[in-house]
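Just so we're aligned, residue 210 is where the sequence shown starts under the working numbering, counting upward by one. Input: a single structure, listed below in structure tokens.
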Amino acid sequence: EFWQMKQARGADLRNGALVIYESVPASSPPYVCYVTLPGGSCFGSFQNCPTKAEARRSAAKIALMNSVFNERPSRRISDDFIEKAVAEARASFKGDPEEADNPNTGIGAFRFMLETNKGRTMLEFQELMTVFQLLHWNGSLKAMRERQCSRQEVVAHYSNRALDDDMRSQMALDWI
């Protein structure tokens with residue numbers, strides 16, 4: 210109902226199905242279920258579930274809590290959040306302060322991605338980072354770099370693409 214309400218209010222839900230449930234094959238408890246939301250975020254059941262229906266409810270509950278929490282204004286990427294996140298990353302890796310301004314460093318790339326996604330929610334940012342992780346794993350990012358694509362071009366291309374059924378199918382074929 211939450212996602213149907215969002216769609217009725219004009220949310221851009223590009224992923225064929227509203228919500229996709231997938232159960233881990235099992236002939237006896239505990240049962241596990243995963244729910245994939247329209248943007249591509251995936252959440253799993255969080256407790257020992259004695260029935261498949263209970264596993265589905267458990268996964269739905271976690272997805273709903275994350276989705277509702279994500280709607281809070283404090284979950285949007287802001288200038289203040291970017292400064293704190295970059296400072297924390299730099300402190301964790303004991304990096305040079307100038308690294309944060311250099312897009313060719315890891316911390317600089319992190320800052321660039323955050324700034325590119327200013328105004329988006331943390332869940333949307335997580336979904337985008339999942340897309341880039343998958344592109345890295347299947348070798349697409351390396352291929353784009355070899356074709357002289359800039360980081361900005363790659364980010365611009367994929368920032369507006371949801372992890373939808375088409376992208377999942379394309380990536381699955383890359384791994385076969």
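Think of the CB as a built atom: it goes at the ideal place given N, C-alpha and C, for glycine as much as any other residue. This one's a predicted model, so the numbers in the text were calculated from it and none came from an experiment.
Per DSSP, serine 368 is one residue of the alpha helix (DSSP H) stretching across 360-368.
According to the DSSP assignment, valine 277 belongs to the alpha helix (DSSP H) that extends over 261-279. By the Cβ criterion, the region 318-333 is in contact with the region 288-296, since at least three pairs of Cβ atoms, one from each stretch, lie closer than 8 Å. By the neighbour-count criterion, in which a residue is buried when 16 or more other Cβ atoms sit within 10 angstroms of its Cβ, serine 254 is buried. Nearest to valine 228 by C-alpha distance, out of Cys251, Ser237, Ala235, is Cys251.
Each of Ser283, Ala296, Met331, Leu337 was checked against the Cα of glycine 317, and the nearest Cα belongs to Ala296. For isoleucine 316, the uninterrupted alpha helix (DSSP H) run begins and ends at 315-325, by DSSP.
In this structure, proline 234 sits away from cysteine 258, with a CB-CB distance that is not shorter than 8 Å.
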